[in-house]
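Residue numbers (the working numbering), protein chains in the order written: chain A, 1 to 337; chain B, 1 to 337; chain C, 1 to 337; chain D, 1 to 337.
See below for the structure under consideration.
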Amino acid sequence: MSEPKMEPAGRNEKSFEVSLKRALRMYRQMVRIRHFEERVDNLYKTAQMPGLAHLYIGEEAIAVGVCEALGKADYISSTHRGHGHCLAKGALVGRMFAELLGKKPGYCGGKGGSMHIADPDSGNLGADAIVGASAGVATGAAFTSKKLGLGKVAVAFFGEGALGQGLLYELMNMAALWKLPVLYVCENNMYNEYTRYTETTAGQLEDRPLAFGIQTKRIGGQDVREVYRTAEELVKDVRAGQGPAFLICDTYRYYGHHVGDINRSYYRSKEEEGMWKKERDPIRILGAWLTDTKNVSPETLSKIDKEVREEIESGLEFAKNAPYPDPTEVNANVYAE
Amino acid sequence: MSEPKMEPAGRNEKSFEVSLKRALRMYRQMVRIRHFEERVDNLYKTAQMPGLAHLYIGEEAIAVGVCEALGKADYISSTHRGHGHCLAKGALVGRMFAELLGKKPGYCGGKGGSMHIADPDSGNLGADAIVGASAGVATGAAFTSKKLGLGKVAVAFFGEGALGQGLLYELMNMAALWKLPVLYVCENNMYNEYTRYTETTAGQLEDRPLAFGIQTKRIGGQDVREVYRTAEELVKDVRAGQGPAFLICDTYRYYGHHVGDINRSYYRSKEEEGMWKKERDPIRILGAWLTDTKNVSPETLSKIDKEVREEIESGLEFAKNAPYPDPTEVNANVYAE
Amino acid sequence: MFMQNNQVNDENMREISFAEAIREALAEEMRRDPTVYIMGEDVAEAGTPFKVLLGLVDEFGTERVVDTPISEAGFSAIGVGSAMTGMRPVIDIMFGDFLPLAMEQIVNRAAKIHYMSGGKLRVPIVFRTTLGAGRRSAAQHSQSLHAWFSHIPGLKVAIPSTPYDAKGLWKTAIRDDSPVIFFEDKMMYSLKGLVPDEEYTIPFGLADIKRSGKDITLVATSSMVQVALDAAKKLEEIGLSAEVVDPRTTWPLDKKTLIASAKKTGRVIVIDEGYEQYGVTAELAAVIAEGAFYYLDAPVRRFGAMDVPVPFSPVLEDQTIPSAEQIVEAAKDLCAV
Amino acid sequence: MFMQNNQVNDENMREISFAEAIREALAEEMRRDPTVYIMGEDVAEAGTPFKVLLGLVDEFGTERVVDTPISEAGFSAIGVGSAMTGMRPVIDIMFGDFLPLAMEQIVNRAAKIHYMSGGKLRVPIVFRTTLGAGRRSAAQHSQSLHAWFSHIPGLKVAIPSTPYDAKGLWKTAIRDDSPVIFFEDKMMYSLKGLVPDEEYTIPFGLADIKRSGKDITLVATSSMVQVALDAAKKLEEIGLSAEVVDPRTTWPLDKKTLIASAKKTGRVIVIDEGYEQYGVTAELAAVIAEGAFYYLDAPVRRFGAMDVPVPFSPVLEDQTIPSAEQIVEAAKDLCAV
Ligand SMILES: Cc1ncc(C[n+]2csc(CCOP(=O)(O)OP(=O)(O)O)c2C)c(N)n1
Ligand SMILES: Cc1ncc(C[n+]2csc(CCOP(=O)(O)OP(=O)(O)O)c2C)c(N)n1
Ligand SMILES: [Mg+2]
Ligand SMILES: [Mg+2]
């Protein structure tokens with residue numbers, strides 16, 4: 001399939017206007033995800049974290065822009081690359097780290113780990129490590145919302161690789177037939193693990209949901225204002241009962257498929273990586289807009305950065321000092337009491 | 001979704017020209033399927049057949065028209081409603097009946113029954129009773145053909161209900177990516193069991209394959225000349241290496257979902273059934289063309305009818321007189337020797 | 001009529017069929033709890049191919065008895081997501097043979113989400129499906145795959161043998177906060193039995209002694225309970241007193257009752273309609289052989305379905321299902337009569 | 001290094017890893033037979049996430065080492081169809097936990113087509129996948145689901161424990177005309193062992209005595225063989241001589257060798273990394289308890305994985321895998337030491 005155009009036709013700066021307050025909030029959220037994950041990478045590299053993790057760095061604008069368009073009661077479901085979604089929907093850094101370290105105060109009491117963080121209190125129905133599964137959870141949540149008249153929207157985050165799973169098509173069909181309030185957010189970071197998505201995807205991504213009569217938008221995923229405004233419009237329609245919508249955001253993961261994927265040259269070039277980091281970084285793009293058009297001082301941004309770093313460090317400290325679950329916990333929660 | 005237009009735009013009588021010889025052969029094949037299945041229905045109703053069967057009556061033009069466009073070495077894969085495909089590809093009536101009766105000379109030695117007739121000698125890779133499965137078998141056969149350079153085309157027959165199975169989308173994606181020589185034939189008889197397909201299908205059927213960049217045609221499935229000529233064109237492209245194609249034929253099953261589905265008024269009307277039988281019967285349509293434009297005498301057609309009836313009766317006689325498999329057969333063929 | 005230990009008194013009992021018992025349980029629970037709904041292929045007007053759900057749509061409407069496309073994975077996924085968010089779905093998988101399509105949803109999601117989330121999320125869902133051969137439906141419509149689910153921590157598996165048990169277990173299944181797989185033998189729907197007028201439930205993990213005896217224990221499940229009772233009657237004629245024990249749920253498993261009966265009689269045959277190799281009979285036999293080791297006078301004998309794909313031909317198929325005759329022979333052998 | 005009875009002589013042996021043994025076997029068979037190909041996610045340049053296939057694409061090209069979309073059901077289906085028509089596919093299912101997605105293809109098609117077709121069609125296919133916990137990968141990436149496949153007539157299941165066995169069994173698997181599910185423990189890839197220079201194969205259904213002993217038999221599979229050998233060493237220190245028997249294939253199962261060892265020692269422990277309930281240990285225990293009934297001095301003890309979804313936290317996960325200590329304790333108990 002052909003590569004996407006990075007500047008989608010019809011991009012109109014005007015329509016991405018957001019309030020200063022909102023922009024600063026989104027800025028802080030993106031920085032939080034960035035620093036959180038850099039810490040995760042470091043924990044892995046210094047052998048302080050059990051297992052692996054899939055970093056979201058580079059894709060922050062999507063989670064933040066979409067979650068900004070949601071209410072707290074709205075649902076999200078997430079993937080193996082889920083830290084960004086969890087944080088954007090409202091998870092606390094300390095409890096996130098605790099989960100990653102397999103500690104008791106982690107969001108899943110240490111049972112889930114990086115790929116399974118769930119926080120129903122913030123509307124997060126959990127990350128799921130099976131590609132495509134998040135779409136099922138969100139479609140089901142949308143079914144509940146519709147049946148019980150809750151007025152909630154459910155958002156499924158997944159990568160473009162999930163379009164390889166037949167499940168997605170079964171879900172899109174039913175969601176469209178039954179006009180379920182679900183928004184599918186496809187984060188097209190161009191790679192399914194170590195394979196470029198063009199080698200695994202016939203035709204155009206956007207034609208898949210369109211075939212089911214689903215409202216579909218494809219945008220660049222690096223400008224959080226664009227993501228937010230587009231998501232906001234789609235969420236409005238979805239909530240109004242117009243049926244599901246599908247949002248494709250073209251993006252890039254800066255790091256490896258997971259923290260252990262260090263030598264990547266056999267599947268992508270350093271130049272490509274460098275270009276995205278330099279020219280399409282979501283934090284820089286929003287930062288530039290804030291300073292250039294909103295007269296926000298660089299000091300204000302640095303201050304945010306500093307505050308976030310402190311939050312991250314104290315969260316990590318909390319997690320490191322937290323106890324492991326009691327060994328007897330191993331048998332608990334197999335069945336609901 | 002909206003109902004299909006029965007006369008697709010662009011239908012052009014001229015282009016459905018076929019030779020007299022071919023037309024007579026297709027006529028005979030359709031009559032064979034019709035009488036074979038009427039006998040099956042009768043066997044069921046008189047409690048002479050174990051289990052159930054799903055009748056193809058009304059849809060004969062599709063199997064016959066498509067198989068007429070194939071060579072003997074080309075592959076087909078079939079479904080629970082498979083008798084027509086098997087006969088059209090070259091199966092013998094007697095051995096078909098024998099299989100339906102669970103007899104030893106049946107195509108599967110009595111192990112398969114109505115839903116699993118396989119006859120590799122005629123290129124029939126077998127019927128499969130799981131909705132959608134036929135598409136996998138044919139796509140795999142097309143993979144072989146391409147890898148080994150066999151020049152064979154593989155045809156998957158399935159009902160419109162199979163578009164509910166995610167498997168189809170996974171297959172279409174890979175078939176399109178790898179340009180596999182497979183033709184998907186969707187027999188849209190308007191019902192998934194007891195539910196009209198419009199209640200189970202969002203958007204338009206044809207948009208599904210189109211989303212994968214697959215060449216797609218939707219035609220009426222009752223004029224065997226139209227089916228044949230359309231299939232012939234698609235098979236040519238497929239064989240030439242242009243990748244998969246998708247043919248949707250709108251059609252109707254005259255009988256129930258299976259032989260035991262007698263009272264159908266809760267899901268479709270007698271009027272609808274009558275209209276199809278009267279106005280869109282494939283045997284009548286071809287018969288009328290033969291007599292009206294090719295000067296074939298009604299006696300010629302009656303003669304075919306009579307010959308076919310004799311073939312069916314003697315095949316049935318053969319099957320009835322055939323032995324059951326030896327009871328020790330039950331343990332054979334679990335593993336290949 | 002079976003012996004049932006939980007019986008109240010005969011005056012308050014009605015005779016109904018297995019199918020009616022299931023329908024009553026579902027109707028009662030749907031009346032009691034508005035979050036209960038049924039979803040699957042042809043569950044509404046058609047009431048499923050076996051007509052077990054006939055009439056439910058009249059009382060509860062298509063909002064709560066939901067016909068789906070042929071998308072077992074997709075609607076199972078919606079079921080799981082809806083169960084996580086407040087609904088109590090009954091997901092109808094028409095034939096047990098189609099469970100493999102929904103396996104990923106059942107095993108990686110329904111069974112694990114409660115645990116993975118550290119107990120925060122619950123998945124109160126019931127998968128309703130069938131088992132059992134004997135209908136001349138061949139290899140893809142005759143399997144009894146309950147062993148698979150019994151193997152997976154996080155799932156419960158109900159497998160009733162009488163109308164009384166079916167109704168009581170169904171009501172428990174729907175009220176359970178953990179996922180349940182409910183297997184109904186498709187040959188048993190017209191079996192009659194007594195059921196009390198008043199409401200009742202049957203706890204999971206409680207075996208039922210269908211017949212008391214002292215010489216040998218026959219542990220049997222589902223349809224095999226009837227076979228065991230037949231065998232017991234025949235054994236009585238030759239002076240052997242057989243106890244018939246029905247675990248009713250394979251998980252949780254009432255090991256205590258099984259072992260106690262084995263200790264009492266000293267001889268055990270286990271009978272189940274799943275494939276014998278690595279099947280339910282293996283677990284039951286292993287549990288008894290370990291738990292009653294010092295009391296057993298002979299090895300535990302197992303009868304599962306023959307280890308072959310179920311053949312179509314009646315002369316073959318009938319051999320694959322354990323029979324009362326085989327059990328009588330084995331019992332005589334074990335008791336050295 | 002393990003004791004291996006099939007060893008030739010040390011001079012013709014090389015020490016290679018489990019991963020290298022697998023790669024060698026695949027390369028040799030691909031050289032020998034041009035119809036053998038490998039298909040799956042990231043099998044080509046990436047050589048799979050565990051890098052086991054690294055380099056094969058260099059020798060055989062992307063035509064025979066085929067990267068796929070994330071479509072386990074779809075490419076398994078293509079594998080089956082291609083196996084039916086002359087190819088010998090090795091279908092790579094990255095983690096055993098993803099098998100449920102391919103289950104329908106494996107169980108309803110690969111396992112049954114030979115039988116359903118009365119022996120006419122064959123499906124010479126190998127599904128390559130992993131088992132085993134211990135990598136801190138949590139509940140959806142740590143399962144050992146081989147019991148499911150061992151339950152299905154028509155499938156063979158290989159589960160090697162040494163480089164020697166892995167290579168020999170792999171070559172047999174590829175040459176087998178029936179479908180094989182090949183399970184590799186992902187913690188064992190770097191395990192070293194001796195392998196002969198010359199070509200060899202290991203027949204299915206032949207257990208291997210990894211260590212002879214006379215006081216107690218430890219039947220162990222895959223990674224648990226190492227645990228059993230560790231336990232045997234510890235038992236030796238307290239004067240107990242343990243025999244370690246590795247079935248190598250769970251189906252076909254070498255009942256004879258298992259029973260003979262049990263008769264010899266009179267005491268048996270079976271150890272397998274699948275969930276204990278209704279798992280492989282149940283079948284092995286049941287077979288031994290029946291076959292060696294009159295020789296056993298104590299009940300057969302079973303150790304499977306703990307019956308919980310695999311937890312993430314190391315303090316929890318480590319408890320779920322059978323350990324040498326547990327086995328030593330049980331052995332002491334059984335031998336009343
Ligand atoms: C069903 C399934 N198949 C394979 C995998 C292994 N796997 C984990 S992530 C991944 C690639 C996913 O790509 P994409 O959906 O684009 O998400 P990304 O990692 O790029 O965010 C694969 C193949 C899996 N987790 N689930
Ligand atoms: C995966 C699967 N789900 C359900 C069924 C039960 N079933 C058999 S035929 C059928 C309807 C098929 O409809 P369609 O594909 O349109 O074919 P038709 O019967 O109309 O020819 C269903 C649901 C099945 N065989 N396989
Ligand atoms: Mg991606
Ligand atoms: Mg149909």
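Cβ atoms here follow ideal geometry from the backbone N, Cα and C, with glycine treated the same way.
Residue i in three-state terms, based on DSSP
i                : result
Glu72 (chain C)  : helix
Trp289 (chain B) : helix
Trp178 (chain B) : coil
Cys86 (chain B)  : helix
Pro100 (chain C) : helix
Tyr189 (chain D) : coil
Gln242 (chain A) : coil
Ile78 (chain D)  : helix
Thr201 (chain D) : coil
Pro22 (chain C)  : The question names Pro, but residue 22 (chain C) in the sequence shown is Ile. Three-state result, Ile22 (chain C): helix.
Glu17 (chain B)  : coil
Pro314 (chain D) : helix
Gln222 (chain B) : coil
Arg284 (chain B) : helix
Leu218 (chain D) : strand
C-alpha gap between residue i and residue j, whole angstroms
i                : j                : result
Val330 (chain B) : Lys320 (chain B) : 21 Å
Asn5 (chain C)   : Gly86 (chain C)  : Residue confidence is low: Asn5 (chain C) scores 48 on pLDDT, short of 50, so the model does not pin down where it sits. No coordinate-derived value is stated.
Ser77 (chain B)  : Met13 (chain C)  : 52 Å
Val259 (chain A) : Ile269 (chain C) : 54 Å
Val296 (chain A) : Ala23 (chain A)  : 11 Å
Phe95 (chain C)  : Asn263 (chain B) : 22 Å
Ala139 (chain C) : Phe312 (chain C) : 7 Å
Thr350 (chain A) : Phe318 (chain A) : Missing from the structure shown is residue 350 (chain A); chain A here goes from 1 to 337 and no further.
Asn189 (chain B) : Gly159 (chain B) : 7 Å
Ala25 (chain D)  : Arg175 (chain D) : 11 Å
For residue j and residue i, believed in contact at Cβ under 8 Å, the rounded distance
i                : j                : result
Ile248 (chain A) : Glu206 (chain A) : 6 Å
Ser150 (chain D) : Val280 (chain D) : 6 Å
Met30 (chain D)  : Asp92 (chain D)  : No, Met30 (chain D) and Asp92 (chain D) are not in contact; Cβ-Cβ is about 14 Å, not under 8 Å.
Gly274 (chain C) : Leu145 (chain C) : 7 Å
Gly118 (chain C) : Gly112 (chain A) : 7 Å
Ala127 (chain A) : Ala162 (chain A) : Incorrect: roughly 13 Å between the Cβ atoms, too far for contact.
Sufficient close CB pairs (3 or more, under 8 Å) joining the region 102-121 of chain C to the region 280-289 of chain C:
no
Residues with C-beta closer than 7 Å to any heavy atom of ligand 4, in chain order
B:Gly159, B:Glu160, B:Gly161, B:Glu187, B:Asn188, B:Asn189, B:Met190, B:Tyr191, B:Asn192, B:Tyr197
Using 8 Å as the cut-off, can you tell me whether the region 111-129 of chain C makes contact with the region 137-145 of chain B, which would need three or more C-beta pairs spanning the two stretches below that distance?
no
Quick one: any contact between the region 252-262 of chain C and the region 317-337 of chain C, if contact means 3 or more CB pairs under 8 Å?
By the Cβ test, the region 252-262 of chain C is not in contact with the region 317-337 of chain C, since fewer than three Cβ pairs between them sit closer than 8 Å.
Counting Cβ pairs closer than 8 Å, one from the region 97-117 of chain A and one from the region 64-84 of chain A, do we hit at least three?
yes
Count the C-beta pairs between the region 216-224 of chain C and the region 163-173 of chain C that are closer than 8 Å, then say yes if the count reaches three, no if not.
no
Three or more C-beta pairs under 8 Å: does that hold for the region 228-244 of chain C against the region 184-198 of chain C?
no
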